[in-house]
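A.B. asks:
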Amino acid sequence: MDRRNLFINGFQLCCFFVFAGRAWQHLFWDAPFRTFFWDESLLSGIVPILTGMSWHEYATSPQVDGMINGIKTFCGAVYTLLAVFSLLAHLPSLKRLRGLLLVGSGMLFLLSLLYFKEKFYQVGQLLEYSIQFGAPLLLYMALKPAVDQRRLILLMKVAIALTFTCHGLYALGYYPQPGHFVSMTLGILSIDETTARLLLKCFGWADVALSILIFVPQASRWALLYAALWGFATAAARIWANIHFDFLLTSLNQWTFETVMRIPHGLVPLLLIYPLSQYFKFGTQKEAHPKLEMSN
Numbered sequence: 001m002d003r004r005n006l007f008i009n010g011f012q013l014c015c016f017f018v019f020a021g022r023a024w025q026h027l028f029w030d031a032p033f034r035t036f037f038w039d040e041s042l043l044s045g046i047v048p049i050l051t052g053m054s055w056h057e058y059a060t061s062p063q064v065d066g067m068i069n070g071i072k073t074f075c076g077a078v079y080t081l082l083a084v085f086s087l088l089a090h091l092p093s094l095k096r097l098r099g100l101l102l103v104g105s106g107m108l109f110l111l112s113l114l115y116f117k118e119k120f121y122q123v124g125q126l127l128e129y130s131i132q133f134g135a136p137l138l139l140y141m142a143l144k145p146a147v148d149q150r151r152l153i154l155l156m157k158v159a160i161a162l163t164f165t166c167h168g169l170y171a172l173g174y175y176p177q178p179g180h181f182v183s184m185t186l187g188i189l190s191i192d193e194t195t196a197r198l199l200l201k202c203f204g205w206a207d208v209a210l211s212i213l214i215f216v217p218q219a220s221r222w223a224l225l226y227a228a229l230w231g232f233a234t235a236a237a238r239i240w241a242n243i244h245f246d247f248l249l250t251s252l253n254q255w256t257f258e259t260v261m262r263i264p265h266g267l268v269p270l271l272l273i274y275p276l277s278q279y280f281k282f283g284t285q286k287e288a289h290p291k292l293e294m295s296n
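Under the UniProt record's numbering, think of the first position of the sequence shown as 1, with each following residue one higher.
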């Protein structure tokens, strides 16, 4: 397998993990659609016009609740198909369907907007998902016959920086430290809460630092290595901190998708170290806007 195909396969895995994790979530658990459909301040004026119901009737209607669940299930089915398609997108026979990756990227971005709204419009909540909603777009770009190396590398770095910076802002306390951050730290390390919160702040500052250092040529490789290791670790922490062996299957069902959809947080930085750095001669290109010719 040549380096180009290895890189493409790596991004296909990123997309598969994101889509598969979100499919699992939407089919078997919940997604924040109600933060939009049950927003009285946003929809109370239009609901009577569209449905003929008062807001109370609308908000308590089993039919409306069923509609929301139907939308969630439909999105889960689409994510399932996109997960399969992402593994096949490199095939020449499916070239005309690669635009579906952009559809998937758009769906993931809209989902991020719903989380953004649910978390009282905290920008960090929106941009923390940059790697996830950016992965299908980056795969779409990488599958182009001629790839702009610098643009692709820059977009990958921006996605990494936004994801880790926003994660770090929550950890260090710029936004309120999420309770599940603290509980995961307590569950894994068996330390007291004060120490856990202090440790989270240290990790948060490290996230912000690596987001800067990946743009510094002399430090970028080490920063990307740390990002890859930390990305995989924070993904695995979802299962590690929450698994209960007395209820093993239930624990795995509830938390595996949380890990799966975060695997790209480690995999994307890893791709910038190898094989992309080897194939693109990362950090040594002198040409202005070089192109990499790729076959279909």
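The C-beta atom is built at its ideal place from N, Cα and C for all residues, glycine as well. Keep in mind it's a predicted model, so treat the numbers as computed, not measured.
1. Can you tell which of K95, H180 and G106 has its C-alpha closest to the C-alpha of A237?
2. Which whole-angstrom value describes the C-beta separation of L127 and L162, a residue pair presumed to lie in contact below a C-beta threshold of 8 Å?
3. Hey, would you say I160 sits closer than 8 Å to V18, going by beta carbons?
4. Along the chain, which unbroken stretches of the alpha helix (DSSP H) at least 4 residues long are found entirely within the segment 24–82?
5. For the beta strand (DSSP E) that contains V216, what are its first and last residues?
6. Output needed for L100: all residues of its chain with C-beta closer than 7 Å, excluding positions within five of it in sequence on either side, in chain order.
7. Give every residue of the same chain whose Cβ lies closer than 8 Å to the Cβ of L88, excluding the five residues on either side of it in the sequence, and list them in chain order.
8. Which one or two residues does DSSP pair with A89 in a beta bridge?
9. What ranges does the alpha helix (DSSP H) occupy inside the segment 145–206, keeping only unbroken runs of at least 4 residues that lie completely in it?
10. Is it a yes or a no for the segment 19–28 touching the segment 254–265, going by three-plus beta-carbon pairs under 8 Å?
11. Taking 6 Å as the limit between beta carbons, can you name the residues of its chain near L186, skipping five residues before and five after?
12. Helix, strand or coil for L127 per DSSP?
13. Under DSSP, the alpha helix (DSSP H) around N253 begins and ends at which residues?
14. Since L137 and S183 should fall inside the 8 Å C-beta cutoff, what is the C-beta to C-beta distance between them, to a whole number of angstroms?
15. Given a cut-off of 8 Å, decide if R34 and I71 are closer than it, judged by their beta-carbon atoms.
16. Could you tell me the alpha carbon to alpha carbon distance between F11 and I49, rounded to whole angstroms?
17. For A59, which residues in the same chain have their Cβ closer than 8 Å to its Cβ, ignoring the five residues on either side in sequence?
18. If contacts are defined as beta-carbon pairs under 8 Å, then C75 and P264 qualify, I think. What distance do you get, rounded to the angstrom?
19. Consult DSSP for N242 and reduce its assignment to one of helix, strand or coil.
20. Along the alpha helix (DSSP H) that carries K117, what are the first and last residues, could you check?
21. What is the rounded straight-line gap between the Cα of F16 and the Cα of Q149?
22. Under 8 Å between the Cβ atoms of A171 and F215?
23. Determine the DSSP secondary structure at I273, reduced to helix, strand or coil.
24. Please look up how many angstroms separate the CB atoms of L143 and H90, rounded, as I've assumed it's under 8 Å.
25. Is it buried or exposed, I212, if we count other Cβ atoms within 10 angstroms and call 16 or more buried?
26. Can you grab the Cα-Cα spacing for the pair M261 / W55, in whole Å?
27. Can you give me the C-alpha to C-alpha distance between Y174 and P92, rounded to a whole angstrom?
28. What three-state label does DSSP hand Q12 in the structure shown?
29. Note down, in chain order, each residue of its chain lying with its Cβ closer than 8 Å to the Cβ of A206, except the 5 sequence neighbours on either side.
C.D. replies: With the given structure in hand:
1. H180
2. 4 Å
3. no
4. 34–37, 40–43, 47–51 and 55–59
5. Per DSSP, V216 belongs to no beta strand (DSSP E) and is neither H nor E.
6. L82 and F85
7. L94
8. Note: A89 sits in no beta bridge, so no partner.
9. 149–172 and 179–189
10. yes
11. Within the same chain, A196 come within 6 Å of L186 by CB-CB distance, once the 5 residues on both sides are set aside.
12. helix
13. L248 to V260
14. Going by Cβ atoms, the distance from L137 to S183 rounds to 33 Å, so no, they are not a contact pair.
15. no
16. 45 Å
17. Contacts found: W38 and E40.
18. That belief does not hold up - the Cβ atoms of C75 and P264 are roughly 19 Å apart, past 8 Å.
19. coil
20. In this chain, the alpha helix (DSSP H) harbouring K117 covers G99 to E118.
21. 23 Å
22. The answer is no: Cβ separation not under 8 Å.
23. helix
24. Contact check for L143 and H90: beta-carbon distance about 6 Å, within the 8 Å limit, so the pair qualifies.
25. exposed
26. 36 Å
27. 47 Å
28. helix
29. G168, Y226 and W230
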